[in-house]
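Read the structure below first, then the notes.
There are 2 protein chains.
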Amino acid sequence: MSDKAVILLSGGLDSSTVLAVARSRGFDLHALSFSYGQKHDFELAAARRIAAAFGVREHRILTLPPDLFGDSSLVGGAAVPKDRDPLAHAGIPSTYVPARNTIFLSYALAWAEHLEAADLFIGVSAVDFSGYPDCRPEFVAAFEQLANAATRVGTELGHHITVHAPLLHLSKKETIELGMSLGVDYGLTHTCYDPAPDGAACGRCDACVLRRRGFEAAGVSDPTRYA
Amino acid sequence: MSDKAVILLSGGLDSSTVLAVARSRGFDLHALSFSYGQKHDFELAAARRIAAAFGVREHRILTLPPDLFGDSSLVGGAAVPKDRDPLAHAGIPSTYVPARNTIFLSYALAWAEHLEAADLFIGVSAVDFSGYPDCRPEFVAAFEQLANAATRVGTELGHHITVHAPLLHLSKKETIELGMSLGVDYGLTHTCYDPAPDGAACGRCDACVLRRRGFEAAGVSDPTRYA
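Residue numbers (this note's numbering), protein chains in the order written: chain G, 3 to 229; chain H, 3 to 229.
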């Protein structure tokens, strides 16, 4: 079997940590990012920096049609929620992008078919997360089952495709500790949903709040540049 | 619950029949097609004709990055297999497009999230088919399970998302009989993998062979224009 893995890389804290995990396990790294109408390009710039820093074999950035994502405040015109406790907020927030992780993993699966690879990595977490349905254990397990039914790798070639979600049961603090132990330079990453024009983090959106708290809890100096 | 449904519409015989089935069940029709680097545009032209003939509420054509589909002889430079019995051929043929139906259904799911719809339709069949892994009952069942885990509709809104595959256990003959009973004009559809420059069907690729046999078995005059 191939030791190639496809890693979804947004350029944020979580996916960068996952890339480090995949590297630590000896995989031949193939990183996949997407341009899908995000309000800013700082995430993709971060993904490029991180892919370069990790020396991945190949980094692809696919341009997806943004048509179906317009409801999300990450893509459309609505304001990103700020100054609240993301974990205390019930329900799925406006930053949810419909079926995004399903679509992203489907493309990762298509690349894995091309590579004859059986390992996909995604940086979802069901602990310090924002209530998105496509970040939960049930979602990861269901996609893994689908992947094995849907593909030549999983059927004709007879390999078991694994969807690795090494952060699934980690808090943000534990994710940061893991990443630090694996040499991740979090100064390269971008997390903020609503950065300033120069890319500085707002410090107030759900993603910034969870990230900031994580660095505090881990007792790690926060390298984020705030506006 | 919404009576809206999202129907994957390639412009071929099968998906056109499925659109007729969805109409006969009273759904508010939302048809979804894709441009993903196919060697020709006759399929999409057929999809437009059929969507218009059925008076669908909305027909979207999404342009997907063709990057990951290049291995398939439907997209890349390799020749489409011809003059053989598709059902006697073991294994997954070169016309297989990696993870295509997974990606297509993922976009259908994203649109369903937008519409708050819980019904997806796809024209796969495990009877007279070409050996693609993503045309089998296991695939359809796995995607349905994923869809319910992955979405706001399936979790927070508490609806059960159904992936309808009404042709799954039908032969091509039975599909044609069903479509005729529902008033499908198969003269509008395009099936051939490798048409002539004027759109005429080759009559020799796997898709043409299965389609031609279906009309013969059903005792229906074949409206296909052959080269």
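By construction, the Cβ of each residue, glycine as well, lies at the ideal position given by its N, Cα and C atoms.
Whole-angstrom C-beta distance between residue j and residue i, which should lie under 8 Å
{"i": "residue 65 of chain H", "j": "residue 37 of chain H", "result": "5 Å"}
{"i": "residue 1 of chain H", "j": "residue 214 of chain H", "result": "Limits of chain H in this structure are 3 at one end and 229 at the other, which puts residue 1 of chain H out of reach."}
{"i": "residue 208 of chain G", "j": "residue 88 of chain G", "result": "4 Å"}
{"i": "residue 164 of chain G", "j": "residue 121 of chain G", "result": "5 Å"}
{"i": "residue 141 of chain H", "j": "residue 178 of chain H", "result": "Between residue 178 of chain H and residue 141 of chain H the Cβ distance is about 23 Å, and since that is not below 8 Å, they are no contact."}
{"i": "residue 12 of chain H", "j": "residue 45 of chain H", "result": "6 Å"}
{"i": "residue 144 of chain H", "j": "residue 8 of chain H", "result": "The Cβ separation is near 18 Å, so there is no contact."}
{"i": "residue 22 of chain G", "j": "residue 181 of chain G", "result": "6 Å"}
{"i": "residue 24 of chain H", "j": "residue 53 of chain H", "result": "Actually they are not in contact, since the Cβ atoms of residue 24 of chain H and residue 53 of chain H sit about 12 Å apart, beyond 8 Å."}
{"i": "residue 68 of chain G", "j": "residue 39 of chain G", "result": "3 Å"}
{"i": "residue 148 of chain H", "j": "residue 148 of chain G", "result": "5 Å"}
{"i": "residue 174 of chain H", "j": "residue 212 of chain H", "result": "5 Å"}
{"i": "residue 210 of chain H", "j": "residue 203 of chain H", "result": "5 Å"}
{"i": "residue 104 of chain H", "j": "residue 55 of chain G", "result": "Between residue 55 of chain G and residue 104 of chain H the Cβ distance is about 31 Å, and since that is not below 8 Å, they are no contact."}
{"i": "residue 83 of chain G", "j": "residue 133 of chain G", "result": "That pair is no contact at about 11 Å."}
{"i": "residue 117 of chain G", "j": "residue 6 of chain G", "result": "5 Å"}
Beta-ladder partner(s) of residue i, from DSSP
{"i": "residue 36 of chain H", "result": "H/64"}
{"i": "residue 31 of chain H", "result": "H/7"}
{"i": "residue 203 of chain G", "result": "G/228"}
Residue i beta carbon near the ligand ATP (any heavy atom closer than 6 Å)
{"i": "residue 6 of chain H", "result": "Of the ligands one can find in the structure shown there are none, so the ligand ATP has no counterpart to examine."}
Does the structure place the stretch 151-170 of chain H close enough to the stretch 38-57 of chain H that three or more beta carbon pairs sit under 8 Å? With contact defined as three or more Cβ pairs closer than 8 Å, the stretch 38-57 of chain H and the stretch 151-170 of chain H are not in contact.
Take every Cβ of the stretch 10-30 of chain H, pair it with every Cβ of the stretch 120-135 of chain H, and state whether three or more of those distances are shorter than 8 Å. Touching, yes.
Does the count of Cβ pairs from the stretch 182-189 of chain G and the stretch 164-172 of chain H closer than 8 Å reach three? Contact between the stretch 182-189 of chain G and the stretch 164-172 of chain H is absent, because fewer than three Cβ pairs lie under 8 Å.
Contact set between the stretch 115-132 of chain G and chain H, restricted to residues whose Cβ is under 7 Å from the partner: Only 115, 116 from the stretch 115-132 of chain G bring a Cβ to less than 7 Å from some Cβ of chain H.
Does the count of Cβ pairs from the stretch 197-205 of chain G and the stretch 148-157 of chain G closer than 8 Å reach three? Per the Cβ contact rule, the stretch 197-205 of chain G is not in contact with the stretch 148-157 of chain G (fewer than 3 Cβ pairs under 8 Å).
Every unbroken alpha helix (DSSP H) within the stretch 65-145 of chain H, with a cutoff of 4 residues, ordered by chain: The stretch 65-145 of chain H contains, as complete alpha helix (DSSP H) runs of 4+ residues, the segments 102-117 (chain order).
Please go through the stretch 154-199 of chain G and give each complete alpha helix (DSSP H) segment of 4 or more residues, from N-terminal end onward. Runs of the alpha helix (DSSP H) inside the stretch 154-199 of chain G: 174-183.
May I ask you to verify whether the stretch 90-101 of chain H touches the stretch 217-225 of chain H, counting CB pairs closer than 8 Å and requiring at least 3? Three or more Cβ pairs closer than 8 Å define a contact, and the stretch 90-101 of chain H falls short of that threshold against the stretch 217-225 of chain H.
Output, in sequence order along the chain, the residues in the stretch 158-169 of chain G whose CB is closer than 8 Å to any CB in chain H. Legend: CB atoms of the stretch 158-169 of chain G lying less than 8 Å from CB atoms of chain H belong to residues 158.
Quick check: the stretch 103-119 of chain G against the stretch 101-113 of chain H, are there 3 or more CB pairs under 8 Å? Judged by Cβ distances under 8 Å, the stretch 103-119 of chain G makes contact with the stretch 101-113 of chain H, as three or more pairs qualify.
Which of the residues in the stretch 86-102 of chain G, read from start to end, lie with their CB under 8 Å from any CB of chain H? Cβ contacts with chain H: 93, 94, 98, 100, 101, 102.
Could you name the residues of the stretch 56-67 of chain G whose beta carbon sits closer than 9 Å to any beta carbon of chain H, in the order they occur along the chain? Taking 9 Å as the upper bound on Cβ-Cβ separation, chain H lies near residues 62, 64, 65, 66, 67 of the stretch 56-67 of chain G.
Taking beta-carbon pairs under 7 Å, can you tell me which members of the stretch 33-50 of chain G lie near chain H? Flagged: no residues at all.
Between the stretch 185-203 of chain G and chain H, which residues of the former have a C-beta closer than 7 Å to a C-beta of the latter? Cβ contacts with chain H come from no residue of the stretch 185-203 of chain G.
Which of the residues in the stretch 140-154 of chain H, read from start to end, lie with their CB under 7 Å from any CB of chain G? Answer set for the stretch 140-154 of chain H: 140, 141, 144, 145, 147, 148, 151, 152, 153, 154.
Name, going along the chain, the residues of the stretch 104-115 of chain G whose beta-carbon falls closer than 7 Å to a beta-carbon of chain H. Along the stretch 104-115 of chain G, going in chain order, the ones with a CB nearer than 7 Å to a CB of chain H are 104, 105, 108, 109, 111, 112, 113, 115.
Can you pull out the residues from the stretch 11-34 of chain G whose beta carbon lies closer than 7 Å to at least one beta carbon of chain H? Flagged: no residues at all.
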